[in-house]
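So the sequence shown is residues 10 to 228, counted in my numbering.
Ideal placement from N, C-alpha and C gives every residue a C-beta, glycine not left out.
Bear in mind that the values here come from a model prediction, so they are computed numbers and not experimental data.
Inspection log for the structure reproduced underneath, given as structure tokens.
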Amino acid sequence: SAGLSLIPWGGAAALVKSAPSNAPLCILPSPPACTASCTLPLPIVTGLPVQVNAFFELSSNRRDVWHGNDLVGVGALRCEWNKILLVEAITASYLRLVHRCCRMFDQLTSVEKTTTERPNVTTLYQYFPVANSVKSTPWTVLVWEFYRRVVTDRLPFFCVQRRTGVKNEWLDIYSVTLACAEDPLQVEIADILAGISQPNFHAPVCVVPRSVIETLQRA
């Protein structure tokens with residue numbers, strides 16, 4: 010009735026390092042500053058660790074997406090549409106992207122299992138959204154919906170690394186104990202309990218960056 014052409018499409022993408030055809034892709038040590046797109050790139054730094062692209066409803070100068078809680082009429086409809094895109098289309102794509110990154114990490118671990126240095130799993134969690142990095146209202150909606158689904162759908166995104174030659178274990182948030190990656194003592198204890206440095210242990214302990222733990226607690 011408002012005469013708007015609303016197209017229910019959205020996606021998320023992460024930059025990975027290219028590799029030879031016979032090797033898995035490598036997750037980058039840190040993702041770049043990411044922006045939003047509406048077919049073409051927008052001058053919007055979202056604070057998310059992934060690129061997002063959707064048929065957003067934009068301001069007339071294409072410098073921002075419609076958002077706010079005090080609008081009425083067509084403005085309110087545009088805001089609600091952008092929220093639906095973020096909650097439904099983009100979050101679903103984002104979760105599939107993270108699932109794919111988990112599989113890539115397993116492939117990378119398998120290729121490098123003969124080396125003495127194991128890949129750092131905390132690299133993977135740099136693709137999780139962090140509340141303190143996302144300031145603007147439209148993108149915080151995506152952050153909380155991402156973690157809501159991780160928790161309520163019990164998604165197996167938490168990696169318990171084992172010793173060399175033993176397959177990683179992927180568990181949901183209710184099945185693991187989280188250790189802070191920035192705390193050397195917690196990491197050392199996690200390595201012992203998970204069986205990396207002490208093969209007699211086999212506890213479900215996952216080393217995760219502090220920013221992800223804090224965002225999980227807030228969510």
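Considering only residues of the stretch 141 to 166, which uninterrupted beta strand (DSSP E) runs meet the minimum length of 3 residues and lie entirely inside it, listed in chain order?
-> none
First and last residue of the uninterrupted alpha helix (DSSP H) at residue 49 = Here residue 49 belongs to no alpha helix (DSSP H); instead the beta strand (DSSP E) covers 49 to 54.
Following the continuous alpha helix (DSSP H) through residue 197, name the residue where it begins and the one where it ends.
-> 193 to 203
In angstroms with no decimal places, state the Cα-to-Cα distance between residue 44 and residue 72.
-> 12 Å
Can you tell me whether DSSP reads residue 22 as helix, strand or coil?
-> strand
Determine, using beta carbons only, whether residue 160 and residue 152 come nearer to each other than 9 Å.
-> no
Anyone know if the C-beta pair for residue 166 and residue 88 falls short of 9 Å?
-> no
Which two residues bound the contiguous alpha helix (DSSP H) that contains residue 170?
-> Here residue 170 belongs to no alpha helix (DSSP H), and DSSP marks it neither H nor E.
Mind reading off the beta-carbon distance from residue 92 to residue 175? Whole number of angstroms is fine, and I expect it under 8 Å.
-> The pair is not a contact, with the Cβ atoms about 43 Å apart (cut-off 8 Å).
Go ahead and pull the three-state DSSP assignment for residue 59.
-> coil
Find the nearest neighbour of residue 188 within the set 158, 225 and 18, judged by alpha-carbon distance.
-> 225
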